[in-house]
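Please read the structure below before turning to the comments.
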Amino acid sequence: MSSPQPPAGTADPTPSPVGLLAELTHRCPLQCPYCSNPLALERATGELDTATWLDVLAQAADLGVLQLHLSGGEPTVRRDLEDIVEQAAKVGLYCNLITAGVLLTRARLEELARRGLAHVQISIQDADVANADRIAGSAGAHAKKLEVARWVRALGLALTLNAPIHRRNIARLPEIIALAECLGAQRLEIAHVQYYGWALANRSALMPTREEVLRSANLVAAARQRLKGILAIDFVVPDYYARRPKPCMGGWGRGSINITPSGKALPCHAAETIPGLAFDNVRTRRLRDIWLHAEAFRAFRGTHWMREPCRSCELRERDWGGCRCQAFAVAGAAAEADPACDKSSLHAAFTAIAERVAREPAADFRYRTMRRS
Amino acid sequence: MQSGPQRTTIGVDSAPKLQPFAKMRHDAARDRWTILAPERVFTPDAVALAVLKLCDGQRTVDQIACELAKSYSAPQDRILKDVIAMLQELADKGVLSA
Numbered sequence: 013m014s015s016p017q018p019p020a021g022t023a024d025p026t027p028s029p030v031g032l033l034a035e036l037t038h039r040c041p042l043q044c045p046y047c048s049n050p051l052a053l054e055r056a057t058g059e060l061d062t063a064t065w066l067d068v069l070a071q072a073a074d075l076g077v078l079q080l081h082l083s084g085g086e087p088t089v090r091r092d093l094e095d096i097v098e099q100a101a102k103v104g105l106y107c108n109l110i111t112a113g114v115l116l117t118r119a120r121l122e123e124l125a126r127r128g129l130a131h132v133q134i135s136i137q138d139a140d141v142a143n144a145d146r147i148a149g150s151a152g153a154h155a156k157k158l159e160v161a162r163w164v165r166a167l168g169l170a171l172t173l174n175a176p177i178h179r180r181n182i183a184r185l186p187e188i189i190a191l192a193e194c195l196g197a198q199r200l201e202i203a204h205v206q207y208y209g210w211a212l213a214n215r216s217a218l219m220p221t222r223e224e225v226l227r228s229a230n231l232v233a234a235a236r237q238r239l240k241g242i243l244a245i246d247f248v249v250p251d252y253y254a255r256r257p258k259p260c261m262g263g264w265g266r267g268s269i270n271i272t273p274s275g276k277a278l279p280c281h282a283a284e285t286i287p288g289l290a291f292d293n294v295r296t297r298r299l300r301d302i303w304l305h306a307e308a309f310r311a312f313r314g315t316h317w318m319r320e321p322c323r324s325c326e327l328r329e330r331d332w333g334g335c336r337c338q339a340f341a342v343a344g345a346a347a348e349a350d351p352a353c354d355k356s357s358l359h360a361a362f363t364a365i366a367e368r369v370a371r372e373p374a375a376d377f378r379y380r381t382m383r384r385s
Numbered sequence: 197m198q199s200g201p202q203r204t205t206i207g208v209d210s211a212p213k214l215q216p217f218a219k220m221r222h223d224a225a226r227d228r229w230t231i232l233a234p235e236r237v238f239t240p241d242a243v244a245l246a247v248l249k250l251c252d253g254q255r256t257v258d259q260i261a262c263e264l265a266k267s268y269s270a271p272q273d274r275i276l277k278d279v280i281a282m283l284q285e286l287a288d289k290g291v292l293s294a
């Protein structure tokens, strides 16, 4: 057995994608200040219709996608979610619903399970109720999430709790782990906030200190040992305190496709922040053609685009140069080294930003909201 | 702290089966068998597949090893040991209950 399973080897220059992140909508009742959606949210009127999504899922399965992540925004605002789940199961995709849970009824969850849903991922803002609701910008959200989590397990579905970690909740990591254990979750994501989009706009409100991050890593290591065979814990560290960049998306255009509510196919959910890239839409181009040939997917696939220090780095086919969006945001060009890497000339300045803002008094949140146009 | 679920331990009398949320699927694009689970894709080899096909929640590990001993020319105690180790690994990855 081997696990987990990234696309292996370099013999095939374009491996088939394993994962599809379907952002069914950007509508969401919560306002989390680290939301991974773009600052310019897409509107309901531009969303793909049911028939297009069903066709896209069939195309994805044919292309080799194994895992479907139904996300948003809040995917349960779509009234056709049941039909989308049913199609996913029919074409053989492993179906994961990434939800805030607050709009679900038990009857609807049962129906989704009956149609083939296998896994539900619920975000948790904190183990402290009042603070959790404050972070989500929604009174009563936390209690409802716990109720939905219990339904998920009662129905025999797999449960993942996803806890985005930052300076306002990092002190309660032990309680968050205990909560996942108590709910009978299969997986817990302790995911330090990644600073793009909304989280970048809220960096001063969210960034923990280096000491807090190290403590969180030690806590997770101990919990993993104690909970072996009971709860799998995935841990994502914040780039700002790392020495090496993460292999963002498992490499650009290597394992994963993201489709926005209006049908744009992206190599990652933040790719639109890079200027000069044109993105194809699944309304007008076949998914296989986009994956293999679209300019945006080829731009940073593999190593051909790399400059120094990436070009001659022995890790270039392990981390694939890290994150292109972060390279653009900090270094001003997407082909530069990710500043999270200590081989980048900007690494020291990048780390210094985090250390500085983490020691300043926490700024107020800028909550995620739809802009009025 | 409230005690949550316990670790699944595989022994000769266990009757293992895949968790309801773990799906065994043929991956046509890559011509291989997979077990799909939350954020994980496992790729069992031919021997592991043969074992998993017998894991129906009825047969015990002892019976599974006995059946395999008929198809593979290896001593049953050796097979039993390997099967327990393999199933324990899968249980620890969260895709098997017993």
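Taken in sequence, the protein lines are chains A and B. Using my numbering, you'd call the opening residue of the first sequence number 13 and step up by one each time. Using my numbering, you'd call the opening residue of the second sequence number 197 and step up by one each time. We put the CB at the ideal spot given by N, CA and C, even for glycine.
On the DSSP bridge list, what partners appear for Met295(B)?
Because chain B spans 197 through 294 in this model, residue 295(B) falls outside it and cannot be assessed.
Give the range of the alpha helix (DSSP H) segment to which Asn230(A) is assigned.
Within the first sequence, the letter at position 218 stands for residue 230(A). Arg222 to Arg238 is the span of the alpha helix (DSSP H), which, as asked, contains Asn230(A).
Three or more C-beta pairs under 8 Å: does that hold for the segment 57-76 of chain A against the segment 94-101 of chain A?
They touch, by the three-pair rule.
Going by C-alpha to C-alpha distance, which of His222(B), Ala233(B), Gly290(B) and Leu283(B) sits closest to Thr256(B)?
Mapped onto the second sequence, residue 256(B) falls at position 60. Cα-wise, what sits closest to Thr256(B) is Leu283(B).
Say whether the segment 250-267 of chain A touches the segment 215-225 of chain A, bearing in mind that this needs 3 or more beta-carbon pairs closer than 8 Å, one atom from each stretch.
Contact holds: three or more Cβ-Cβ distances are below 8 Å.
Taking just the CA atoms, how far does Gln254(B) sit from Pro41(A)?
Mapped onto the first sequence, residue 41(A) falls at position 29. Mapped onto the second sequence, residue 254(B) falls at position 58. Near 46 Å, if we compare the C-alpha coordinates of Gln254(B) and Pro41(A).
Chain A beta carbons: is any one of them nearer than 9 Å to that of Val237(B)?
Here residue 237(B) corresponds to residue number 41 of the second sequence, with the count starting at 1. Closer than 9 Å to some Cβ of chain A, the Cβ of Val237(B) qualifies, so yes.
Using a 10 Å radius around the Cβ and a threshold of 16 neighbouring Cβ atoms, would you call Arg228(B) buried or exposed?
On the second sequence, position 32 is the one that residue 228(B) refers to. Answer is exposed; the Cβ neighbour count stays below 16.
What would DSSP say about Ile275(B), mapped onto helix, strand or coil?
In the second sequence, the residue the question calls residue 275(B) occupies position 79. In the structure shown, Ile275(B) sits in a helix (DSSP, three-state: H, G or I).
Within 9 Å (strictly less), CB to CB, does Val30(A) reach chain B?
Within the first sequence, numbered from 1, the residue matching residue 30(A) stands at position 18. For Val30(A), the answer is yes, since a Cβ of chain B falls inside 9 Å of its Cβ.
Express the C-alpha separation of Leu278(A) and Phe217(B) in angstroms, rounding to a whole number.
Looking up residue 217(B) in the second sequence gives position 21. Looking up residue 278(A) in the first sequence gives position 266. About 29 Å.
Can you tell which of Asn108(A), Gly209(A) and Thr57(A) has its C-alpha closest to the C-alpha of Leu171(A)?
Mapped onto the first sequence, residue 171(A) falls at position 159. Nearest C-alpha to Leu171(A): Asn108(A).
So, with DSSP's three-state summary, where would you put Ile134(A)?
The count along the first sequence starts at 1 and reaches residue 134(A) at position 122. DSSP places Ile134(A) in strand when its eight states are reduced to three.
With 9 Å as the threshold, decide whether the Cβ of Gly207(B) is near any Cβ in chain A.
On the second sequence, residue 207(B) is found 11 positions in, with the first residue counted as 1. So, not an interface residue.
Considering only residues of the segment 291-339 of chain A, which uninterrupted alpha helix (DSSP H) runs meet the minimum length of 4 residues and lie entirely inside it, listed in chain order?
Entirely contained in the segment 291-339 of chain A, the alpha helix (DSSP H) runs reaching 4 residues are, in chain order, 299-305 and 307-311.
Verify whether the separation of the beta carbon atoms of Gly209(A) and Gly290(B) is less than 9 Å.
Position 197 of the first sequence, counted from the first residue, corresponds to residue 209(A). Position 94 of the second sequence, counted from the first residue, corresponds to residue 290(B). Not in contact: Gly209(A) and Gly290(B) (Cβ atoms no closer than 9 Å).
Alpha carbons only, please: which of Thr37(A), Ile365(A), Ala282(A) and Glu329(A) is nearest the one belonging to Ala346(A)?
Residue mapping note: residue 346(A) aligns to position 334 of the first sequence, counting from 1. Per the Cα distances, Ala282(A).
Note down, in chain order, every chain B residue with its Cβ under 9 Å from the Cβ of Asn143(A).
Counting from one through the first sequence, the residue named residue 143(A) turns up at place 131. Simply none; closest approach about 20 Å.
According to DSSP, is Lys258(A) helix, strand or coil?
On the first sequence, position 246 is the one that residue 258(A) refers to. In this structure, Lys258(A) counts as coil in the three-state DSSP scheme.
Using Cβ-Cβ distances below 8 Å, what residues of the segment 227-255 of chain B are close to chain A?
Within the segment 227-255 of chain B, the residues whose Cβ lies closer than 8 Å to some Cβ of chain A are Thr230, Leu232, Ala233, Pro234, Glu235, Arg236, Val237, Phe238, Thr239, Pro240, Asp241 and Ala244, listed in chain order.
Is the beta carbon of Gly31(A) closer than 9 Å to that of Gly263(A)?
Locating residue 263(A) in the first sequence gives position 251, counting from the first residue. Locating residue 31(A) in the first sequence gives position 19, counting from the first residue. Contact flag unset, no.
Could you run through the segment 256-274 of chain B and flag, in chain order, every residue whose CB is less than 7 Å away from some CB of chain A?
Answer in chain order: no residues at all.
Compare the C-alpha of Tyr207(A) against each of Arg380(A), Ala341(A) and Glu372(A) and name the closest.
The residue labelled residue 207(A) in the question sits at position 195 within the first sequence. Per the Cα distances, Ala341(A).
Quick one: list the residues of chain B neighbouring His131(A), beta-carbon separation under 7 Å, in chain order.
Here the question's residue 131(A) lines up with position 119 in the first sequence. Here the neighbours are Phe217 and Pro234.
In terms of DSSP beta bridges, what is Asn174(A) paired with?
The sequence position of residue 174(A) within the first sequence is 162, counting from 1. According to DSSP, Asn174(A) bridges with Ser135(A) and Glu201(A).
Report the residue from Phe312(A), Asp140(A), Thr57(A) and Val89(A) whose alpha carbon sits nearest the alpha carbon of Met261(A).
In the first sequence, counting from the first residue as 1, residue 261(A) sits at position 249. Checked all of Phe312(A), Asp140(A), Thr57(A) and Val89(A); the closest Cα to Met261(A) is Phe312(A).
Residues bridged to Ser83(A) by DSSP?
Here the question's residue 83(A) lines up with position 71 in the first sequence. Answer is Glu35(A), bridged to Ser83(A).
Around the Cβ of Lys266(B), are there at least 16 other Cβ atoms within 10 angstroms (buried) or fewer (exposed)?
Taking the second sequence and counting its residues from 1, one reaches residue 266(B) at position 70. Under this definition Lys266(B) is an exposed residue.
Starting from Phe238(B), follow its DSSP beta bridges and name the residues at the other end.
Translated into the one-based positions of the second sequence, residue 238(B) becomes position 42. Partner(s): Ile231(B).
Could you list which residues in chain B have their beta carbon closer than 8 Å to that of Gly104(A), in chain order?
Locating residue 104(A) in the first sequence gives position 92, where the first residue counts as 1. Within 8 Å Cβ-Cβ: Arg221.
What is the DSSP secondary structure of Val257(B), counted as helix, strand or coil?
For this step, residue 257(B) is matched to residue 61 along the second sequence. The answer is helix: DSSP assigns Val257(B) an H, G or I state.
Per DSSP, what kind of secondary structure is Thr111(A) in: helix, strand or coil?
For this step, residue 111(A) is matched to residue 99 along the first sequence. Thr111(A) falls in the strand class under three-state DSSP.
Can we say the segment 133-142 of chain A touches the segment 186-202 of chain A, given the rule of at least three CB pairs closer than 8 Å?
Because the criterion of three Cβ pairs below 8 Å is met, the segment 133-142 of chain A and the segment 186-202 of chain A touch.
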